[in-house]
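Peer 1: Attaching a single structure in structure tokens format; questions to follow.
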């Protein structure tokens, strides 16, 4: 009997050793799996952020291509320096205003990325001052970088609408205010734990938070500046001021498109396979639908399929799908894009009739379709949309967000524009505008050695 | 005795609890590992697909750069709208024709991505209508997106060969047929479970499926359209019609090259580390060998290293390595690329002598090297190649695939071109061709404000 | 009693089966986790390498944009062929010289990637001839590809400084020597297990190994070639030779910037989440600080914020942060970038005063800031830096590395330049330089059909 007992106790001891060894291996494997999850999420977040960064190249080439050769250097310089300024401003104060703990109106910590933060810990395990970003398990610097490239986009949107007449220094100052204050404050409302997020406002990747914010600020800039010399006649009719380099502009659109594959799918800030596949397809289909519908509408309305309308139709589809790409069907994306493509053609005609001079169509792309896309979530969302039987509640919440954004940004950006106008001035001299800002502001030409037609060298 | 028994039973119970707890943790860890595998594969598939998408920017800049300034807007517009049309066509019918279950000639399900599908389940666990794609464990929308950007490429290849004379609307209609029908049908034969795949035809990433298909359709288009005005003289000699922007063209080549790092390595649709590292290196080395050999051959044959030949040599190497990059050595890749670079120079001269007017060299790059690359698999494959002692069987199968592709695409695309010619017409008017398609088709110029030499403004 | 015993033995057996089954599952899961780690690291390494590859497009557009239209084709051709040559040279001998086992001066194995190698095994488990790369667990071909795109960069840096006067064939020959010998030898010293790495020299991603090496070789090239015709006057004053396409140049800078997100974060060759997030942010902030400070300094010194200075300031910040981005704070990165932006303006003025003609500012960007960035590690490193209380030891080691690089590269590259000059010659004829290298070397123009001002068609 004792022998049997010994055998059993021996077996049990062997088992205990085996189980304990397994426990260790399991602990290690489980740890490695957790590390790999963070690694996968961080890789996805950083690479998509790099694509969003690349949008700066897209904006620079699109905008300079759509303007006149004599202002190309200025636009290129603006589009580069605006991102440098944005990065610094967002690091110094913007990120704190937007995502740090505070009240329902603004964040009040996190200057220079300071403050407690135990990311990549997430959810209830998170402790630190950036609680509004505790839903993603990537390190703080990855969160910061992703949000930084977004912030840069909002300021860049303004660039196009104020092109060909704003002073370089004035644009730099506005950009700092934009990314340091205006963008983060509304961002806090919608994404930083503020009142709109508490209300249930849905803006997945920023149709409102990025594009409408940029759009409203651009609208006020265009109004404060007034139209370019020669754009509108006494009798109210408008003159076309043709783009000078459609190759650059088209390339810029393709770069923006590929950048949007960072913008929308990356907004998961996690390698969430179901979500990122869906968002990527939705983003692409809306862009295609926008391009297609703008082509058709432009062909019907203007007689010919103007390439700049095709480009803006593509971008319109992209802006419009941004709010809802996580929660609509492919069919819904196509529908949203088709409307966007038509709206952009209508928008360009509308602003021209209202004598708001927007050289690149930024208002029609970013403002009008930022609004449309945000509202469209209330219609097409498969979980909350009117068209899917969920009633009008979400659509109304979306309207509140749209109006809140308009009110806030119109007020603060007007104040900013006014302040700049009253101090350092907003607009270059008439002579400089006629000669082109490249020589006046930067002392160099965009195309030295390539001959220009006299019309372009002058005002036309 | 009872006491000992109690101790043992106690130990056993503790062990059972420990093992059961471990089982749960193990289950979770194993689940998380499986999720991470899907995440890694999906991230890889989507990012490489985005690179392939970016090839649209490459084609647009390469083709418009290689043509004349007066047609640049038209080419850019074509290259953007073709992808929009492709996305819609592939979503509506193309993906279903190509990858859905059906017979050995065509797929018969999956319109608008409909039908059962339990991806990312794979292999025998998969159940759904897209069985031919059950070898990859990514969600259906990731498979769709990757295949969609491929489909867009095939249509874009046509664009270059028919440039500077085709009507915009006619190209749009052909693109829809191309991506909705022609490409998917051959795609089904080779990749969708059709007769060629059953035969053992190997075309890893599409030397034939994408490039030759595009190339044959382009050839028929160039023939149906006839040469550009002024290209060939009565005595049979040809006039050079020089490229107008080599900066754009070179940039386009680099963009295509980086896009190919999506095209080939991404065709694993899985983060299979051994395969993707090998394919990336092979792709790069073939491109370099192609660039090098085209430079040398052009220098010897033409007297100077013409940049457009260097660009096309690079692309030739890339097209040629596409079929076999998963199964050749680095040395094999260099050999394939060297032949490709020589072939592209010979091809350009050949088509010019045959009076097939191909403004950008698309036929020499995509058709000739698509054929060469597909055949080269039969020679250089380390598992089935003639040069590695495996006999000629695979090489013969490759020839069958090459011929099957030629027969199918020549017939259907000729029908399509003929149908379009007979209804809406294929070619712009002579006056429009002389003035340039930019004004005629789109009402805008590519370079407003930059002076053009009279030669270019006219026909030269 | 027997019954109880049977029950216990039964339970124990069941437990043993359970534990053994668990052991198998655990083994599988653990295996899969290890595979996933390799997959994640390989995906990261390859994608960042693709971004570094894309820098070729950035260099091509930046350099050709900053030169004159009449030499644009030549610069574009050089920038494409240099990468093709680099790939072949690095595959044939360079990778072996640099990373293979050998002595403390040079590697002596691994031609054509041959030799034993059991990567992705790493650390002590690694056995093979590339021991100096055994710290990363990716397959050999992934290591090779990442290092290959780095090698290409070093050669490309030279291209800008010797532009507008070097013979095409001579540049090709030098590039082969550069990537086959010069770059790998110093690379072996610092990264391949050579004497500098044994000394504790720190150059994370290559401020010295890539940028200074390229810079010193470029300096000697510029000196051996002499200045462009018309650049300096008899009285010692310099003439500005303006850039011809600032759109291309700006786009090139953005592409280089996004490429640097591969260059620096990818140098981990592992998806190490903490490191890659930090390096990405540091890289970006230094670029922004460089752009900002170059703008301010240029504005003060030159009177206007010259766009080419802004572009070079951005690149200066990127070069400077490259050595230390893994081990400095965000604040440190901004400081390093601010100094870099000022240095680049000073550098351009300095070289012009010394009559070293560097058409694109490559020496100020890559050489001066390569040196600055390498030294800055000795100051700003949080683990070894003077400013963080670690004494001057590291700073002195950095100086040794800087001097060692200068000595080696000046000697070998001078020998190479001299040899080429003495045999096939270095410089195009005066007539060819006046007419432009595009016609002389390649027989085509960059902008056929776009009119050029007579000044540009001639020498100005």
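Residue numbers (my numbering), protein chains in the order written: chain A, 25 to 484; chain B, 25 to 484; chain C, 25 to 484. The beta-carbon is built from N, C-alpha and C at its ideal position, and this holds for glycine as well.
1) How would you write the range of the alpha helix (DSSP H) that residue 518/A sits in, first residue to last?
2) For residue 469/B, which three-state DSSP category applies?
3) Whose C-alpha, out of 188/A, 150/A and 178/A, is nearest the C-alpha of residue 208/A?
4) Just confirm the distance between the C-beta atoms of residue 361/A and residue 317/A, as a whole number of angstroms; I'd bet it's less than 8 Å.
5) Within the continuous alpha helix (DSSP H) that includes residue 476/A, where are the two ends?
6) Take the Cβ of residue 122/A as the centre, count every other Cβ of all protein chains shown within 10 Å, and call the residue buried at 16 or more, exposed below.
7) Which parts of the region 317-365 of chain C are runs of the alpha helix (DSSP H), unbroken and 4 residues or longer, counting only runs that do not cross its ends?
8) Would residue 297/A count as contacting chain C if we go by Cβ distances under 8 Å?
9) Using Cβ-Cβ distances below 7 Å, what residues of the region 29-62 of chain B are close to chain C?
10) Checking contacts by CB at 8 Å: is residue 480/B closer than that to chain C?
11) Take residue 411/B as the anchor and find which of 42/B, 262/B, 359/B and 234/B has the nearest alpha-carbon.
12) For a contact defined as C-beta to C-beta under 9 Å, what are the partners of residue 144/B on chain C?
13) Could you check if residue 99/B belongs to the surroundings of the ligand HEM, using beta carbon to heavy atom distance under 7 Å?
14) Three or more C-beta pairs under 8 Å: does that hold for the region 424-443 of chain C against the region 227-242 of chain C?
15) Starting from the Cα of residue 167/C, find the closest Cα among 72/C, 99/C, 88/C and 105/C and give me that residue.
16) Whole angstroms are fine: how far does the CA of residue 242/C sit from the CA of residue 434/C?
17) By how many angstroms is the C-alpha of residue 277/A removed from the C-alpha of residue 85/B?
18) Comparing C-alpha positions only, which one of 231/B, 212/B and 394/B sits nearest to residue 222/B?
19) Note down, in chain order, every chain A residue with its Cβ under 8 Å from the Cβ of residue 467/B.
20) At a CB-CB cut-off below 8 Å, which residues of chain A make contact with residue 268/C?
21) Give the range of the alpha helix (DSSP H) segment to which residue 459/B is assigned.
22) Just how far apart, CA to CA, sit residue 379/C and residue 185/B?
23) Could you list the residues in the region 68-95 of chain A with a C-beta less than 7 Å from some C-beta on chain C, going in chain order?
24) Give the secondary structure of residue 262/B by DSSP, where H, G and I count as helix, E and B as strand, and everything else as coil.
25) Is the number of C-beta pairs between the region 107-122 of chain C and the region 134-144 of chain C that are closer than 8 Å three or more?
26) Chain C beta carbons: is any one of them nearer than 8 Å to that of residue 152/A?
27) Quick check on residue 111/A - is its C-beta less than 8 Å from some C-beta in chain C?
28) Applying the criterion that 16 or more other CB atoms from any shown protein chain within 10 Å of the CB defines a buried residue, is residue 215/C buried or exposed?
29) Drop a sphere of 10 angstroms on the beta-carbon of residue 87/B, count the other beta-carbons inside from all chains shown, and report buried for 16 or more, exposed for fewer.
30) Apart from the five residues on each side of it in sequence, which residues of its chain come closer than 8 Å, Cβ to Cβ, to residue 363/B?
31) Please name the residue, chosen from 196/A, 106/A and 150/A, that lies closest to residue 180/A on a Cα-to-Cα basis.
32) Could you pull the start and end residues of the alpha helix (DSSP H) that residue 434/A belongs to?
33) Going by other Cβ atoms of all chains shown within 10 Å of its Cβ, with 16 needed for buried, is residue 469/C buried or exposed?
34) Mind checking residue 355/A: buried by the 16 CB within 10 Å criterion, or exposed?
35) Okay, do the region 46-55 of chain B and the region 240-255 of chain B touch, 3+ Cβ pairs below 8 Å being the bar?
36) Hey, how far is the Cα of residue 264/C from the Cα of residue 366/B?
Peer 2: Put simply:
1) Residue 518/A lies beyond the range of chain A shown here (25 to 484); nothing can be said about it.
2) Mapped onto the second chain, residue 469/B falls at position 445. Residue 469/B: coil per DSSP, three-state reduction.
3) Numbered from its first residue, the first chain carries residue 208/A at position 184. Of the listed residues, the one whose Cα sits closest to residue 208/A is 178/A.
4) For the purposes of this step, residue 361/A is taken as residue 337 along the first chain, with counting starting at 1. For the purposes of this step, residue 317/A is taken as residue 293 along the first chain, with counting starting at 1. Their Cβ separation, rounded to whole angstroms, is 7 Å, which keeps residue 361/A and residue 317/A in contact under 8 Å.
5) Here the question's residue 476/A lines up with position 452 in the first chain. That residue, residue 476/A, is in no alpha helix (DSSP H); it is neither H nor E in DSSP.
6) Working through the first chain from its first residue, we reach residue 122/A at position 98. When all chains shown are included, residue 122/A counts as buried.
7) 331-345
8) The sequence position of residue 297/A within the first chain is 273, counting from 1. No, residue 297/A lies away from the interface with chain C (no Cβ there is under 8 Å from its Cβ).
9) 29, 32, 33, 36, 39, 40, 43, 46, 47, 50, 53, 54, 57, 60 and 61
10) Working through the second chain from its first residue, we reach residue 480/B at position 456. Residue placement at residue 480/B is poorly supported in this model, since its pLDDT is 45, which falls under 50; the coordinates still yield a value, given next. It does: the Cβ of residue 480/B has a partner Cβ on chain C nearer than 8 Å.
11) For the purposes of this step, residue 411/B is taken as residue 387 along the second chain, with counting starting at 1. That would be 359/B, whose Cα lies nearest to the Cα of residue 411/B.
12) Here residue 144/B refers to the residue found at position 120 of the second chain. Chain C residues near residue 144/B: none, gap ~15 Å exceeds 9 Å.
13) Judged by which ligands are present, the structure shown has none, so any question about the ligand HEM falls away.
14) yes
15) One-based indexing of the third chain puts residue 167/C at position 143. Of 72/C, 99/C, 88/C and 105/C, the residue nearest in Cα terms is 72/C.
16) On the third chain, residue 434/C is found 410 positions in, with the first residue counted as 1. On the third chain, residue 242/C is found 218 positions in, with the first residue counted as 1. Distance between the alpha carbons of residue 434/C and residue 242/C: 10 Å.
17) As a working mapping, residue 85/B is identified with position 61 in the second chain. As a working mapping, residue 277/A is identified with position 253 in the first chain. Residue 85/B and residue 277/A: Cα-Cα distance of roughly 12 Å.
18) What you label residue 222/B is simply residue 198 of the second chain in a count that begins at 1. The shortest Cα separation from residue 222/B among 231/B, 212/B and 394/B belongs to 212/B.
19) Along the second chain, read from residue 1 onward, the residue named residue 467/B stands at position 443. Those are 326, 327, 328 and 330, listed as they occur along chain A.
20) Start at 1 with the first residue of the third chain, and residue 268/C comes out as number 244. Going along chain A in sequence order, the residues near residue 268/C (Cβ under 8 Å) are 471, 472, 473 and 474.
21) Reading the second chain from its first residue, position 435 is the one you call residue 459/B. 454-459 is the extent of the alpha helix (DSSP H) around residue 459/B.
22) To locate residue 379/C, count along the third chain from 1; it is residue 355. To locate residue 185/B, count along the second chain from 1; it is residue 161. Cα to Cα, residue 379/C sits roughly 48 Å from residue 185/B.
23) 70, 71, 74, 77, 78, 80, 81, 84, 85 and 88
24) As a first step, residue 262/B must be located in the second chain, where it is residue number 238. Looking at residue 262/B - three-state DSSP - the assignment turns out to be strand.
25) yes
26) Position 128 of the first chain, counted from the first residue, corresponds to residue 152/A. No, because no Cβ of chain C sits closer than 8 Å to the Cβ of residue 152/A.
27) Here residue 111/A corresponds to residue number 87 of the first chain, with the count starting at 1. For residue 111/A, the answer is yes, since a Cβ of chain C falls inside 8 Å of its Cβ.
28) Locating residue 215/C in the third chain gives position 191, counting from the first residue. Buried, because 16 or more other Cβ atoms sit within 10 Å of the Cβ of residue 215/C.
29) Position 63 of the second chain, counted from the first residue, corresponds to residue 87/B. When all chains shown are included, residue 87/B counts as buried.
30) Numbered from its first residue, the second chain carries residue 363/B at position 339. Counting only Cβ-Cβ distances below 8 Å, and skipping sequence neighbours, we find 317, 344, 396 and 400.
31) Along the first chain, read from residue 1 onward, the residue named residue 180/A stands at position 156. The shortest Cα separation from residue 180/A among 196/A, 106/A and 150/A belongs to 106/A.
32) One-based indexing of the first chain puts residue 434/A at position 410. Note, residue 434/A: alpha helix (DSSP H), 417-447.
33) Within the third chain, residue 469/C is the residue found at index 445, counting from 1. Answer is buried; the Cβ neighbour count reaches 16.
34) As a first step, residue 355/A is located in the first chain; it is residue number 331 there, counting from the start. It is exposed - the Cβ of residue 355/A has fewer than 16 other Cβ atoms within 10 Å.
35) no
36) In the third chain, the residue the question calls residue 264/C occupies position 240. In the second chain, the residue the question calls residue 366/B occupies position 342. Cα to Cα, residue 264/C sits roughly 42 Å from residue 366/B.
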